[in-house]
Every structure is written in C-alpha cells, then in structure tokens.
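Quick note: to get my numbering, add 108 to the position in the sequence shown (first position is 1).
Heads up, the beta-carbon is just placed ideally off N, CA and C, and yes, glycines get one too.
First up is the structure itself, then whatever we jot down about it.
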Amino acid sequence: MKPVSSGSSRRRRRRPGSAAVAGILGLALPLVLAAPGGPAAGSARPSAVASDASCPWLSQSLPIGQRVHMLLARMTLANKINMVTGAGSTQPYVFYISAIPSLCVPAIGEEDGPTGVGDGLTGVTQMPSAVSLAATFDPSLADRYGQVVGSEERGKGAMVNLGPTVNIDRDPRWGRSFEAYTEDPFLNAAIAAADVSGVQSRDEMAQVKHLAVYNQETNRDTQADNAIVSTRALNEIYLPAFYAATMKAGASSVMCAYSTINGQAACQNRYLMRATLDRRWGFPGFVTSDYGATHSTVPSAAAGLDQEMPAAQYYGSALRAAVEDRLVSMATLDQMVTRILTEMFRFSEFNHPPTGSIRATVTTPAHQAVSTAVAEAGTVLLKNSGGTLPLPENRAGKVAVIGPAASASPADAGGGSAYVTSTFSVSPLQGIRAAAGPGTTVRYAQGLPTDTSLSRIPGSALTPAYPSASHGPTYTGTLTAPETGTYVLAYRNPGRYAAIDLSLDGKVILANPGTPPVHTYSVGVNLQAGRTYRLSLSGGGRSANLSWATPSELAPGISRAVAAAKSAATAVVVVSDDTESEAADRASLNLPSAQNELISAVAAANPHTVVVINAGAPVVMPWLSQVASVVDAWYPGESNGTALAAVLFGHVDPSGHLPVTFPVGLSQVPAPTPSEFPGTNGRVLYREGVNVGYRYYDATSETPLFPFGYGLSYTSFAFSDLNVTPQQIHNGTSGPLVTVSARVTNTGRVAGSEVAQLYLGDPAAAGEPPRQLKGFQKVRLGPGESATVHFTLGGHDLSYWDDAANGWVVADGQYQVYVGDSSALANLPLQGGFTVTSG
Ligand code: BGC
C-alpha cells in the first residue's frame with residue numbers, strides 16, 4: 109500500500125451554503141494603472157472616490173511601497189500572523205486568509221485551479237486539460253484560456269487562482285500529467301506565461317504551482333519523494349516555466365510543492381525559494397504552501413515560505429511563539445507580510461476586493477466557445493492512412509460509433525483538485541450525431557460494459573469471498589480463472605485523496621486515487637484457465653466493491669460492436685483512460701478495461717477504423733498498425749463531442765502537436781527503473797539529468813511511438829528557404845543574436861495549420877542533448893499558400909547552466925539549427941547553423 113500522505117489524508121472541502129467573505133469592505137477608490145505583468149490597465153471597475161481616514165494606505169495615489177509600509181506599521185503581531193496563516197478548510201475557499209476589518213484588509217480566497225474553477229464549485233466552464241492547451245502550441249489561445257479561468261475565479265469571489273500547474277511531465281505515469289502542460293521547458297514557459305497573463309488580465313492573481321520538481325504522486329508529501337536532481341537539470345528543465353510565469357508574466361505568487369528536493373522539502377527549500385526565486389530572480393511576490401506541505405516553522409520562514417495552507421500547523425501560534433522567542437526575526441515576518449500586501453496593492457485588492465460569490469454562475473457562452481476552440485486546436489491527428497479522415501459528411505455512409513467513452517461514460521476531465529464540475533457535457537456520440545450531415549447514419553454500440561456495471565466475482569473464483577467483514581479495510585485472496593482470456597477487474601474508491609491499489613501476484617496493476625469525481629476504475633488482465641492468482645486490494649473494504657467481467661461476459665458486447673463496424677463505412681472507436689488523477693500515478697500506460705481488445709476486434713472487421721483517445725497522457729497502442737486513423741483529443745472538457753465532431757468531419761483541421769513524447773512502452777521511458785521512478789529507499793534518482801522527454805529519446809537514439817511535437821493535418825506542408833543570420837557571432841554579445849527564417853507552404857488541397865518548430869543543437873562542449881526546442885510558430889495557410897516564419901535566438905537560448913559558474917554560459921563552437929514539425933530528425937527537413945567564437 110502506498111503510504112497515505114499528509115497531503116491526502118485530509119479533506120475537505122466546501123460547506124454548502126457558506127457565504128463568500130471577500131468583498132466585505134465596499135471601499136472604492138480611483139483606478140491606478142497596473143504594473144507590467146499585473147492586471148490589465150483599465151480593466152478594473154470604475155469606482156466612486158472614497159477615503160478612509162483610519163486606513164490611509166487606501167490612497168491609490170501613494171506608491172505601493174509606502175502603502176505597505178504604512179499598513180505594516182499599524183499591524184500587531186497577531187495581524188501579521190493572520191496574513192501568513194490559512195484560516196482552515198471550513199472557509200468557502202479551499203485556501204483562505206481572514207480579513208482584518210479594522211485595518212481595511214480584505215479576506216483572501218484562493219481557489220483551484222489550472223483547468224477552470226475547481227473544488228466542486230458549479231456554474232463554471234470546464235476547460236480542456238492543460239496538456240490539451242499545450243498541444244495547441246498557441247500562446248494566444250493560452251492567454252484566452254487564462255482569461256476565462258481568471259474571470260470565473262474572480263466571479264466566484266476568489267482573489268487568487270491556484271494555477272497554472274507548470275510541473276514537467278518527467279514520466280508519462282504521473283497522475284497529474286493532464287493538468288500540466290508538457291515535458292519541454294521552452295513550450296512550458298511560453299504557455300505558462302500566456303496563461304498567467306490571461307488570468308491576471310482579469311484582475312485575478314495567478315499562483316503558479318508547484319515549486320518544484322513535483323513529478324509524481326507516489327509517496328507524495330513524504331520524504332520518500334526525495335528527488336535527487338542536478339542543479340543543471342533544475343535550471344534547464346524544471347524551473348524555466350516558473351521564471352517565465354513570475355518574472356516575465358508577473359505572476360503574483362508561487363505555490364511550493366509536496367516534493368523534497370535534494371533532501372530539503374520544497375516548502376523549506378533554501379535553494380529554490382531563497383537562492384533562486386528571491387535572490388537570483390528578485391521575485392517580489394509571495395509563496396504559499398500546498399495543502400499540508402509546510403513541514404516546519406523556523407526553517408520554512410527562513411527559506412522564504414510566506415503563507416501556510418490550509419490551516420495553522422507550523423505557522424499560526426507556532427510562528428508567533430517563534431517570533432516572540434526571536435527564532436524568527438520580526439524583519440523576516442515583516443518581509444513575508446510585505447510580499448503578500450504588495451501583491452494585494454498591485455492588484456487593487458484593497459480598493460476593489462472581489463465581490464463575487466461562490467454561488468454565482470460564471471460560465472458564459474463566450475467562455476464555452478474558448479473551451480471548444482482549445483479542445484479543437486489541441487486535438488492531435490496521429491495517424492490517417494488512406495484519407496480515412498475527415499469523414500465523408502454529405503455522402504451516403506454509415507458511421508459506427510463504438511465504446512463506453514463515446515456515450516455511456518465519456519472522459520472529459522482528469523481528477524483531483526484540478527477537476528472541474530461541468531455545467532453541461534457533450535458526449536462524442538452526441539457531437540457526432542449533431543454534426544453528421546443528412547447522408548450519414550450514425551449507429552452506436554457500447555462494446556464493453558461500463559466499469560460500474562460489472563458483477564461481483566463469485567465465491568467459486570475468489571477465496572475468501574469478497575466482501576467479507578472479517579477482512580477489515582484491505583482484502584487479500586486468491587483468484588482462480590475459470591477460462592482463458594482478457595478479464596476486466598474493477599473497483600471503487602470512495603474518495604479519500606489516498607490511492608487504493610489493486611495487485612495481482614504482488615504487482616500493482618491499478619491505483620485508484622480516491623479523488624473527485626469518485627470513480628470506479630478498471631484494468632484488463634489476461635488470465636489462464638485453472639491458474640490461481642494472488643489478488644489484493646490495499647483498502648476500501650466492502651465499499652471498494654471489487655467486481656469483474658469474464659471473457660465470455662465481454663464477448664457479446666464486443667460481437668455487437670463488430671457487427672456494427674461491419675455494416676458501417678467507418679468505425680469510430682472512442683477509448684479513454686479515465687484513471688488519471690492527483691493522488692496516484694498510473695501503474696501502466698495501458699488503456700483500462702478491455703479497450704485494446706475492443707479496438708483490435710473492430711479493426712479486424714472494418715479497414716476504416718478510427719480510434720479516438722480521451723486521456724491526459726500517453727497510452728500504448730498495441731493495435732496501431734491495425735487501424736486506419738488515430739486522433740488524440742486529450743481530456744477535452746465540456747465540449748468534448750462538439751470539438752471532436754468538428755475535427756472528424758473536417759470542419760476544423762486538426763492542428764494539435766504532441767507536447768509529450770509517446771513511448772512504445774514503459775521500458776522505453778527516460779526513468780525506466782524503480783530507483784528512478786517512483787524511487788527506492790527514500791530517494792528518487794533523476795539520473796536522466798537534462799535528458800527529459802524527447803531529449804532522452806534523441807540522446808539514446810530511441811525511436812518512440814510518436815515524437816514530441818508531432819501532429820498531422822488534413823493537408824500537407826513543405827518547409828523551405830532556411831535562412832540563418834549571421835553565420836558567425838561573437839561570444840558575449842548581448843541582445844538578439846541570431847535570426848532564423850523559413851518558408852512553410854501548404855502543399856495540399858484544404859486549408860490547415862502547421863506548427864513550425866525550431867530546435868537548436870549546441871556544440872558538443874556544452875554537453876547538451878542533441879536538440880532542444882527554442883522556437884515555434886503556428887501558421888494557418890490556405891491550399892497553395894506560403895508564409896515565412898521568423899525566430900530570434902538570444903544569448904539565453906544558446907546557453908547552458910554551468911555549475912562552476914553558478915550561472916548560464918554560452919559555449920563556443922558550431923550550433924546546428926533544425927526547422928520542421930516534430931522533434932524527430934526525420935521531421936526536421938531544414939538544417940543550417942552558425943558559429944560562436946570568443947576572442
Ligand atoms: C494540490 C494543489 C491544490 C491544493 C488545494 C493540493 O492537493 O496539490 O494543486 O492547489 O490541493 O486544493
């Protein structure tokens with residue numbers, strides 16, 4: 109059993125009917141123009157002039173520093189402790205700082221999150237998963253996405269949005285991959301900065317999370333998730349998006365993580381917070397701890413943790429005592445409070461505190477349109493042989509839509525704190541039916557049972573019988589298979605933010621995280637008739653409701669799907685991995701249930717089989733060669749079927765590109781051994797160093813199933829006319845150094861979008877991976893049209909982190925420039941270069 113972390117044995121959450129406390133002041137003063145990277149100038153509400161003699165810091169004509177100073181001087185120790193200590197989870201927001209009415213300080217509500225307003229609030233827009241946003245390779249869409257989230261959080265009365273999640277997808281098993289963007293630091297930084305700008309343009313503070321190296325759920329918030337990682341990998345891979353979000357986009361705050369980094373818990377990690385965020389970057393905002401991620405009083409305050417959440421454990425009275433005992437100086441506490449107040453003044457929170465309420469309906473048709481647009485633009489066409497897609501809309505034809513995920517149990521969103529309750533949801537079947545032209549008949553076959561409809565495993569197969577009161581919270585028994593073939597095993601986790609694992613012969617085959625929404629999860633296993641297997645569940649007792657479907661129980665549904673596929677021109681099988689969530693990592697990259705078997709059976713019956721994947725991360729595709737087309741639609745949010753149908757019928761060109769590498773299997777990933785993921789003996793060895801994601805595949809000459817950056821379109825593109833200027837530069841020159849341009853031509857018959865990508869190969873002396881993304885541009889072109897894309901490389905793009913110099917260094921030598929449409933060399937037709945010399 110996985111240790112239950114302090115971050116997961118809690119919760120939660122909302123008290124129905126509790127009122128929003130923010131907005132208590134009702135004071136308003138004229139607008140001050142926002143600082144760069146802050147809320148949009150002119151976007152605040154017009155306000156009547158008011159002044160409060162007892163709170164002179166409300167005067168917006170004074171500089172922020174002076175206002176902070178005036179207020180701080182009037183604060184008691186108790187007031188200061190109040191500002192840095194969460195008021196507990198009984199509040200309307202998941203994180204909450206109480207107001208100080210006597211000082212005109214408004215309450216601070218902080219609410220998840222990264223893919224829309226979370227934590228069970230309703231009346232909101234369920235956005236596509238963040239990985240789907242990254243797959244758009246379109247920062248302008250990320251800005252619009254952020255605007256939706258920011259304005260809905262604000263409408264709910266939350267002052268701070270707990271998002272975006274910018275942790276790197278180090279391993280495809282990470283349960284939270286769907287709510288993070290990508291494995292690549294450059295794409296991560298670009299999308300993060302745009303998302304944060306969007307959020308903050310709606311007067312909402314963004315809290316970028318989770319600092320840092322939080323890349324797995326297994327052992328989370330315990331010292332066993334102790335990432336042993338090089339300073340170089342930290343700076344080159346794990347930190348750039350935090351830098352972009354804070355120092356370029358001006359994020360108000362940062363959330364420190366559940367992870368431990370090189371022996372020091374993130375929320376008291378001096379390297380991350382004091383040395384990097386504070387001293388090297390000069391970040392002026394504040395740092396909040398993740399839920400229960402504070403592990404000390406004095407070391408945390410000394411390292412730069414400004415706010416403990418959700419409630420006083422190490423701050424509150426413990427911090428007060430530490431200040432009184434001079435273990436934490438008043439200057440340190442003042443600095444912590446200053447950071448929080450500075451951001452509150454910058455966002456005009458004293459003069460315009462949020463007035464929204466958690467009960468407000470904040471979703472709008474315009475927000476829903478952004479959700480749909482991102483779902484469409486993030487959809488990745490992975491395979492399309494014989495022009496199977498787009499579907500022939502107005503020609504007579506039958507389409508068989510197959511799979512539980514198409515209708516009975518669609519997978520729109522991932523689980524955990526990033527889960528967003530949808531206001532409505534369009535299933536793939538509904539979307540396809542709505543978009544099909546008059547000449548098209550759509551027939552549905554579910555193909556497999558839903559995970560909740562399976563039957564109890566009979567006493568004849570399971571010893572002892574399940575459930576049995578005598579077995580307490582766990583179950584261990586032996587399973588004897590009555591027949592040979594694929595079985596589906598399913599169980600429920602009633603929701604405790606703690607995974608319940610299912611093991612077969614001692615190997616964990618499924619981890620159910622127990623996060624919202626409560627789910628029954630399933631796994632397909634091949635068993636042999638007459639063989640006996642050890643089976644155990646690490647928790648859940650009777651309520652886990654362990655159930656199964658045998659091969660012969662599965663056969664009729666699969667046969668009906670095959671029959672539907674045979675009678676149709678095209679078979680669309682919608683499959684999902686609905687097991688991705690905070691609080692557990694995936695035990696494998698397999699699709700749950702018997703979906704692989706379903707695909708193979710359908711593909712054998714119809715050569716025009718299209719597989720649609722709804723998942724937040726890579727899955728393995730043993731059936732890839734058997735099917736005509738594959739579409740990865742991620743978790744598309746509430747517009748699932750609408751966006752999917754637009755792509756399938758060709759109303760929208762699929763223009764998403766993979767923000768993560770899809771491996772052939774787990775043996776191929778950059779962290780393949782248990783010591784690397786999820787760690788052994790209290791250490792997680794980040795042995796791959798900077799070779800994360802495609803950098804690893806390139807460095808080891810591994811060919812993945814699909815490379816980073818890959819994505820097809822309904823048209824075709826050619827790259828030409830690479831121009832790199834100048835060819836030679838002097839090391840030490842500042843400013844933009846190299847300009848790269850290339851021509852992209854739509855060589856097909858329909859309009860479409862291409863993502864031109866620039867990868868840089870450093871001289872060998874730099875010790876970098878073969879190629880690194882340093883530029884991308886999405887271009888939309890009509891048939892026959894061309895466009896020139898331009899990229900600029902600055903000194904930072906050329907540099908690597910040098911430990912000896914404790915900084916960035918540019919190596920002398922020959923740099924290779926590659927331009928094309930994926931990270932794989934085969935997709936990088938343009939190659940050139942330039943030289944850097946010293947002296
Ligand atoms: C998650 C954070 C989230 C917080 C508040 C934690 O479990 O790791 O991402 O913001 O809860 O819900």
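Is the closest heavy atom of ligand 2 to the C-beta of residue i under 7 angstroms?
i	result
residue 413	Looking for ligand 2 in the displayed structure turns up nothing; the ligands present are ligand 1.
With a CB to CB cut of under 7 angstroms and the five nearest residues on each side skipped, what residues in its chain are close to residue i?
i	result
residue 107	The first residue shown for the chain is 109 and the last is 947, placing residue 107 beyond what the model contains.
residue 371	334
residue 730	704
residue 776	810 and 812
Would a C-beta distance cut-off of 8 angstroms place residue i and residue j closer than the cut-off?
i	j	result
residue 744	residue 751	yes
residue 558	residue 420	no
residue 741	residue 402	no
residue 944	residue 923	yes
residue 802	residue 815	yes
residue 666	residue 545	no
residue 857	residue 894	no
residue 183	residue 218	no
residue 755	residue 484	yes
residue 938	residue 757	no
residue 725	residue 768	yes
residue 509	residue 680	yes
residue 101	residue 265	Outside the shown range of the chain, which is 109 to 947, sits residue 101, and nothing can be said about it.
residue 316	residue 258	no
residue 543	residue 592	no
residue 670	residue 235	no
residue 499	residue 515	no
residue 870	residue 876	yes
residue 352	residue 398	no
residue 283	residue 621	yes
Less than 6 angstroms between C-beta atoms, sequence neighbours within five positions excluded: which residues of the same chain meet that for residue i?
i	result
residue 581	647 and 649
residue 140	Here residue 140 scores only 28 on pLDDT, less than 50, and its place in the model should not be relied on; the value that follows carries that caveat. For residue 140, where only same-chain residues beyond five positions count, the Cβ hits under 6 angstroms are 168.
residue 453	172 and 175
residue 738	490, 491 and 719
residue 634	594
residue 310	255, 258, 259 and 262
residue 203	194, 218, 417 and 418
residue 849	831, 896 and 898
residue 512	554, 556 and 558
Just the C-alpha distance for residue i and residue j, rounded to the nearest angstrom, thanks.
i	j	result
residue 430	residue 408	12 angstroms
residue 607	residue 197	22 angstroms
residue 614	residue 572	17 angstroms
residue 181	residue 426	22 angstroms
residue 753	residue 874	47 angstroms
residue 522	residue 807	32 angstroms
residue 570	residue 281	30 angstroms
residue 320	residue 846	32 angstroms
residue 710	residue 675	11 angstroms
residue 780	residue 629	25 angstroms
residue 212	residue 759	53 angstroms
residue 374	residue 733	44 angstroms
residue 318	residue 291	15 angstroms
residue 248	residue 229	27 angstroms
residue 736	residue 820	14 angstroms
residue 639	residue 885	56 angstroms
residue 611	residue 391	46 angstroms
For residue i, which residues of its own chain have a beta-carbon under 8 angstroms away from its beta-carbon, when the five flanking residues on both sides are left out?
i	result
residue 891	823, 854, 856, 857, 858 and 859
residue 790	331, 332 and 334
In the stretch 341 to 387, which residue ranges form an unbroken beta strand (DSSP E) of at least 3 residues, counting only runs that do not cross its ends? 361 to 364
Can you give, in chain order, each stretch of the beta strand (DSSP E) that sits fully within the stretch 575 to 634 and has at least 3 residues? Here the runs fully enclosed are 583 to 588, 593 to 600, 608 to 612 and 615 to 620.
Kindly provide the ranges of any alpha helix (DSSP H) runs that are 4 or more residues long and lie completely inside the stretch 797 to 836, ordered along the chain. 802 to 807
Ignoring anything shorter than 3 residues or poking outside the stretch 454 to 509, list the beta strand (DSSP E) runs there in chain order. 488 to 492
What ranges does the alpha helix (DSSP H) occupy inside the stretch 695 to 725, keeping only unbroken runs of at least 4 residues that lie completely in it? Listed in chain order, the alpha helix (DSSP H) runs fully inside the stretch 695 to 725 are 703 to 713, counting runs of at least 4 residues.
With a floor of 3 residues, list each beta strand (DSSP E) that falls wholly inside the stretch 209 to 285, ordered by position along the chain. Secondary structure in the stretch 209 to 285: the beta strand (DSSP E) runs of 3 residues or longer, each lying completely within the stretch, are 216 to 220 and 268 to 270 in chain order.
Residue ranges of each beta strand (DSSP E) run of no fewer than 3 residues wholly in the stretch 874 to 898, ordered along the chain? 880 to 889
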